[in-house]
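Be aware that the sequence shown starts at 1, since it is given in this note's numbering, and climbs by one per residue.
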Amino acid sequence: AGLESEATALNIRTNLEDQVLADEQVEGIRTRRTLAAAAGGFLLLSLAMFSSSSPAFLGGTKKAEKEEEEKAHTGSWCAADPKYTKHTLKALVDAPVASLLKSKDLKGERKFEASDVITKDGSFYAICDSSWAILKIDESLPLLSSLNSHLGEPSSLDGGDPSQESGFEAIFEDHTNGQMYVVREAVDVSDKAEQDDDKTPPMEGGLAAVTDHPAYHAIILKVNLNPPPPEPSLYAPAAVVPTEEDFTVEDECPSQIEFDGDSKGFEGAIAVRGADGDLYMLGLCEGNNCKEGKKGKDKGHGKVVVMKRVQSADFPGDAVPGYDCFWQTVVVLDLPREAHFQDYSAIALNQRTKTVAITSQENSQVWVGTLTTGADGEFDPAAASFEKDGTVYDFPRNSECKVQYCNVEGIHWVDTGDEGDEAPQVLVAVSDKMKGHGKQPFECLDKDQSFHLFAIP
């Protein structure tokens with residue numbers, strides 16, 4: 001019995017020792033794994049820290065930053081560019097629209113989303129995409145002056161829906177007869193065929209979709225400016241002085257080209273009389289490839305659509321339903337790849353020199369080049385092209401080399417220049433309202449809703 005008790009005790013002790021040893025081995029494995037994991041993590045961290053501080057890593061970061069600065073010409077670009085003054089327009093004048101009109105001439109407007117401008121008879125005529133009125137501003141840009149006026153009613157035109165914004169994006173003149181035109185960017189006209197044209201106000205088309213099958217076309221308005229009524233006199237007191245609208249719309253014709261939606265249609269337009277005697281409108285598409293979305297942001301694919309006005313009855317297969325006339329597409333011209341812009345916001349043509357200016361709002365730049373046959377009586381759609389010898393200029397950056405002219409949407413040559421000049425030297429521009437809700441930086445506020453004068457370096 002005693003021997004059996006000792007054996008039992010020995011077995012118990014041995015089992016306990018084996019269990020302890022096994023536990024120690026497991027714990028050792030756990031400890032080694034923990035230490036290995038810690039060492040591995042430390043090694044990875046060290047490698048990451050080494051990599052991020054290595055010349056290769058820093059070089060990649062700096063390269064990305066440099067590419068971003070070069071794209072927008074901001075940051076260190078201004079100080080690093082030895083020819084900054086040759087690449088940058090000189091700002092001559094900045095004048096907010098609200099500073100040019102007297103209170104009575106504001107007609108209740110508090111915002112001026114300026115979208116295009118032309119010069120005519122000593123005045124600037126500008127439009128806003130939120131207003132149905134036309135701004136008439138003396139070329140000297142006098143502050144709070146009676147020389148400046150607001151033509152028409154900002155809220156509506158010809159009995160149209162006052163809740164609708166105009167969508168005005170381009171204004172141009174036929175220089176052979178002084179006729180003025182205004183372009184609505186892209187309007188859904190899908191319900192036009194169902195309307196009674198004799199009873200429907202001509203401005204009834206909506207910017208947003210009005211049916212389940214929208215059809216977006218630019219609408220070109222033929223506008224007649226009416227002379228102002230005579231001043232009251234002894235023989236014609238104010239009560240009997242005839243009153244007239246500041247301007248009237250003679251007709252409206254859609255573009256044949258159809259757009260993807262209401263936000264990327266024609267952003268600018270010019271007119272030139274062809275060698276064949278026809279008037280041609282050149283519409284600048286806002287998006288690359290005349291598209292929205294990804295294709296619209298494919299830089300270097302700017303398009304200008306050449307059109308002429310025709311009667312729908314003569315081309316029933318191309319006509320837009322509900323309209324007696326339309327602007328038929330003749331040819332689409334490519335802009336040079338050097339105008340490597342994300343968007344296109346305005347176009348201007350100086351016919352004496354055939355010099356063209358095309359702006360980009362997103363890039364805050366302007367391309368200045370040449371349009372072959374770009375003069376009244378010479379224009380030939382089959383031979384016309386934008387030559388690849390232009391120059392891209394920056395709108396002036398602020399003191400920190402940040403974009404400040406963020407919303408340039410209209411451009412026009414102020415004068416034709418001297419006979420010896422290869423190109424005119426001064427541009428007038430107008431700027432839209434700054435985008436809110438954090439979509440644009442605060443630096444954009446200072447120059448928005450304004451007229452500007454710039455000199456070419």
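Here a beta-carbon is modelled for each residue, glycine too, at the ideal position from N, C-alpha and C.
Inset, instruction - Output the distance between the C-alpha atoms of Tyr-405 and Asp-376, rounded to the nearest integer angstrom. - result: The sequence position of residue 405 within the sequence shown is 405, counting from 1. The sequence position of residue 376 within the sequence shown is 376, counting from 1. Tyr-405 and Asp-376: Cα-Cα distance of roughly 32 Å.
Inset, instruction - Please name the residue or residues paired with Thr-355 in a DSSP beta bridge. - result: As a position in the sequence shown, residue 355 is number 355, starting the count at 1. DSSP, once it has assigned bridges, lists Asn-350, Thr-370 as partnering Thr-355.
Legend entry - Per-residue burial, Glu-422 [other beta carbons within 10 Å of its own, 16 or more giving buried]: Here residue 422 refers to the residue found at position 422 when the sequence shown is read from its first residue. Glu-422 should be labelled exposed.
Legend entry - Selection from Ile-358, Val-366, Ala-79, Lys-222 that minimises the alpha carbon distance to Tyr-171: Indexing the sequence shown from 1 puts residue 171 at position 171. Reading the sequence as shown, one finds Ile at residue 171 and not Tyr. Among Ile-358, Val-366, Ala-79, Lys-222, the Cα nearest to that of Ile-171 is on Lys-222.
Legend entry - Beta-carbon gap between Trp-413 and Val-392 smaller than 7 Å: If you number the sequence shown from 1, residue 413 lands on position 413. If you number the sequence shown from 1, residue 392 lands on position 392. No, they are not a contact pair.
Inset, instruction - Specify, as a first and last residue, the run of the beta strand (DSSP E) that Lys-308 falls within. - result: The residue given as residue 308 occupies position 308 in the sequence shown. Start and end: 303–311.
Inset, instruction - Closer than 7 Å by C-beta to Leu-141: which residues in its own chain qualify, once you throw out the five before and the five after it? Chain order, please. - result: For this step, residue 141 is matched to residue 141 along the sequence shown. Correct list, in chain order: Val-93, Ala-95, Leu-100, Phe-451.
Inset, instruction - With distances taken Cα to Cα, identify the nearest neighbour of Val-485 among Lys-299, Leu-284, Gln-311. - result: Outside the displayed span of the chain (1 to 457) sits residue 485, for which this structure offers no information.
Inset, instruction - Give the straight-line distance between the Cα atoms of Thr-211 and Ser-190, rounded to the nearest whole angstrom. - result: Along the sequence shown, read from residue 1 onward, the residue named residue 211 stands at position 211. Along the sequence shown, read from residue 1 onward, the residue named residue 190 stands at position 190. Each residue's Cα considered, the two are about 7 Å apart.
Legend entry - Per DSSP, cross-strand counterpart(s) of Glu-488: Nothing can be reported for residue 488: it is not among the residues displayed for the chain, which extend from 1 to 457.
Inset, instruction - Would you mind sorting Leu-143 into buried or exposed? The rule is 16 or more other CB atoms within 10 Å of its CB. - result: Locating residue 143 in the sequence shown gives position 143, counting from the first residue. Exposed: under 16 other Cβ atoms inside 10 Å.
Legend entry - Three-pair Cβ contact test at 8 Å for the region 323–339 versus the region 296–314: yes
Inset, instruction - Grab me the residues of Asp-324's own chain with a C-beta within less than 7 Å of its C-beta, minus the 5 sequence neighbours each way, in chain order. - result: Counting from 1 along the sequence shown, the entry for residue 324 is found at position 324. Gln-311, Ser-312.
Legend entry - Residues near Asp-389 in its chain [Cβ-Cβ closer than 8 Å; skip 5 each side]: Walking along the sequence shown from the start, residue 389 turns up at place 389. Result list for Asp-389: Gly-369, Thr-370, in chain order.
Inset, instruction - Would you identify the three-state DSSP class for Trp-132, choosing helix, strand or coil? - result: Taking the first residue of the sequence shown as 1, we reach residue 132 at position 132. Coil at Trp-132, not helix or strand.
Inset, instruction - To the nearest angstrom, report how far apart Gly-75 and Asp-188 are at their CA atoms. - result: Here residue 75 corresponds to residue number 75 of the sequence shown, with the count starting at 1. Here residue 188 corresponds to residue number 188 of the sequence shown, with the count starting at 1. The straight-line gap from Cα to Cα measures roughly 41 Å.
Legend entry - Segment contact flag, the region 111–130 with the region 440–451, C-beta cutoff 8 Å, min 3 pairs: yes
Legend entry - Alpha carbon of Ala-455 to alpha carbon of Val-426, nearest angstrom: Sequence index remark: in the sequence shown, residue 455 carries index 455 (1-based). Sequence index remark: in the sequence shown, residue 426 carries index 426 (1-based). Taking the straight line joining both Cα atoms gives about 5 Å.
Legend entry - Candidates Ile-134, Val-272, Ala-126, His-73: closest to Thr-373 by CA position: Mapped onto the sequence shown, residue 373 falls at position 373. The residue with the shortest Cα to Cα distance from Thr-373 is Val-272.
Legend entry - Continuous beta strand (DSSP E) stretch holding Cys-285: start and end: As a first step, residue 285 must be located in the sequence shown, where it is residue number 285. Note, Cys-285: beta strand (DSSP E), 279–285.
Legend entry - Within 7 Å, strictly: CB atoms of Ser-345 and Glu-292: The sequence position of residue 345 within the sequence shown is 345, counting from 1. The sequence position of residue 292 within the sequence shown is 292, counting from 1. No, Cβ-Cβ distance for Ser-345 and Glu-292 is not below 7 Å.
Legend entry - Inter-residue CB distance, Cys-401 and Trp-77 (contact presumed, cutoff 8 Å): To locate residue 401, count along the sequence shown from 1; it is residue 401. To locate residue 77, count along the sequence shown from 1; it is residue 77. Confirmed, Cβ separation roughly 6 Å.
Legend entry - Burial state of Lys-433 (16 or more Cβ within 10 Å): To locate residue 433, count along the sequence shown from 1; it is residue 433. Counting Cβ neighbours within 10 Å, Lys-433 comes out buried, since at least 16 surround it.
Inset, instruction - May I ask you to verify whether the region 244–262 touches the region 176–187, counting CB pairs closer than 8 Å and requiring at least 3? - result: yes
Inset, instruction - Please name the residue or residues paired with Arg-397 in a DSSP beta bridge. - result: By one-based count along the sequence shown, residue 397 stands at place 397. DSSP lists Val-403 as partners of Arg-397.
Legend entry - Distance between beta carbons of Glu-252 and Ile-220, contact taken as under 8 Å: By one-based count along the sequence shown, residue 220 stands at place 220. By one-based count along the sequence shown, residue 252 stands at place 252. Right, their Cβ atoms sit about 7 Å apart.
Legend entry - For Lys-102, the nearest candidate out of Gln-164, Gln-440, Asn-148, Asp-276 (CA to CA): Along the sequence shown, one-based indexing puts residue 102 at 102. That would be Asn-148, whose Cα lies nearest to the Cα of Lys-102.
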